[in-house]
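Note sheet for the following structure.
In our numbering, the protein residues as written are 1 to 136.
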């Protein structure tokens with residue numbers, strides 16, 4: 001199957017579908033509608049039928065902090081190198097746009113994948129934490 005990498009975010013619906021299919025934590029429609037337009041950079045992978053089957057993006061302040069997030073490939077299209085193509089595109093963008101000494105982080109949910117782009121665990125120097133806003 002042929003795949004095309006596009007420099008654009010997915011639709012809100014497809015973003016939610018891809019996160020669900022990949023077993024990622026749920027995001028509210030409102031949050032996604034607000035967040036996607038604020039991406040610093042977003043890429044998608046589209047199959048030959050025109051369906052978006054993968055996505056990834058970078059968020060942050062555009063200077064000192066960049067966060068790689070929402071990396072997902074639909075399970076039906078995994079093991080095709082699509083995750084690597086998405087990360088290559090993100091890192092090419094970082095190399096071109098991030099100033100020296102910028103901090104690029106991510107929450108890794110796949111052991112041994114992100115290291116090939118130079119990412120290292122933060123522990124024991126620091127540890128990742130999170131807070132989730134609850135529904136009212």
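Each residue gets a CB set at the ideal place from its N, CA and C atoms; glycine is no exception.
Since we're looking at a predicted model, the values are computed, not measured.
Should residue i go down as buried or exposed, given a rule of 16 or more other Cβ atoms within 10 Å for buried?
i          : result
residue 11 : exposed
residue 32 : buried
residue 98 : buried
residue 91 : buried
May I ask you to report which of helix, strand or coil DSSP gives residue i?
i          : result
residue 26 : coil
residue 42 : strand
residue 54 : strand
residue 97 : helix
residue 91 : helix
residue 31 : helix
residue 19 : helix
residue 14 : helix
residue 60 : strand
According to the Cβ coordinates, are residue i and residue j closer than 7 Å?
i           : j           : result
residue 81  : residue 73  : no
residue 64  : residue 102 : yes
residue 86  : residue 56  : yes
residue 123 : residue 114 : no
residue 89  : residue 48  : no
residue 59  : residue 28  : no
Could you round the C-beta distance between residue i and residue j to whole angstroms and report it? I think they count as a contact, below 8 Å.
i           : j          : result
residue 110 : residue 94 : Actually they are not in contact, since the Cβ atoms of residue 110 and residue 94 sit about 19 Å apart, beyond 8 Å.
Quick one: any contact between the region 45-52 and the region 62-69, if contact means 3 or more CB pairs under 8 Å?
-> no
Three-pair Cβ contact test at 8 Å for the region 30-43 versus the region 3-19 | yes
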